[in-house]
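In this note's numbering, the protein residues as written are 302 to 454.
Using N, Cα and C, we set each Cβ at its ideal position, and we do this for glycine too.
Just so it is clear, the structure is predicted and the values come from calculations on it, not from any experiment.
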Amino acid sequence: MAAWVRFADTKATILTAGLAAVATMLVGKSSSIFAAVSAGCVQGYVVGGLGVVAIGALFYTLFQLAMAIGPRTSATSPGLNRFAWPTLLDVTAENLSEHAATVDPRRDAWRQVIDLAAIADRKFRACNRAVWGFVGFVVAAVTCIGTAAALTV
């Protein structure tokens, strides 16, 4: 179960590296983008619009990656669970001992499986949205750079 969560984190981390590479490319070409926008022609407005779309897609993707990579600090199931550290934060030793004596460990284990499945689902959904945001960012950034380069030649 925990491997599902780690797999989502790994995918999001790889996507973050790709996002950084394309963002670096966009920043590296910013002088030609600004020159094209400053020209004031229709193509310059297209370059400016593509730049705005690229930046919007960049921030959308960053947000989704943060949602995918960010740690979860709460359990989805209410109540004490000996296997879920967020439920143990405000528990006394007496409460935990009583819980251990009255609740079957298998019940806690299955609750933890359900919690981990919910965490993996949230992470994979955010990762999926980040992938599509990244695609939009790459298309907008490459088109913006290409159009700007054609105008400033």
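| query | Which term fits N396, buried or exposed, when burial requires 16 or more other beta carbons within 10 angstroms of its beta carbon? | reply | With fewer than 16 Cβ atoms within 10 Å of its Cβ, N396 is classed as exposed.
| message | Quick check on the burial criterion: 16 or more other C-beta atoms within 10 angstroms. Buried or exposed for I334? | response | With a threshold of 16 other beta carbon atoms within 10 Å, I334 meets it and is buried.
| request: Using three-state DSSP, classify K312 as helix, strand or coil. | output: Shown here, K312 sits in a helix according to DSSP, grouped into three states.
| task | Assess, as a yes-or-no matter, whether the segment 364-377 is touched by the segment 407-419 under the definition of 3 or more beta carbon pairs within less than 8 Å. | result | The segment 407-419 vs the segment 364-377: in contact.
| field | Nearest-angstrom Cα separation, counted from E399 out to R373 | value | Their backbone Cα atoms lie some 26 Å apart in a straight line.
| Taking one C-beta from the segment 344-356 and one from the segment 432-445 each time, how about it: are there three or more such pairs within less than 8 Å? | Yes, the segment 344-356 is in contact with the segment 432-445.
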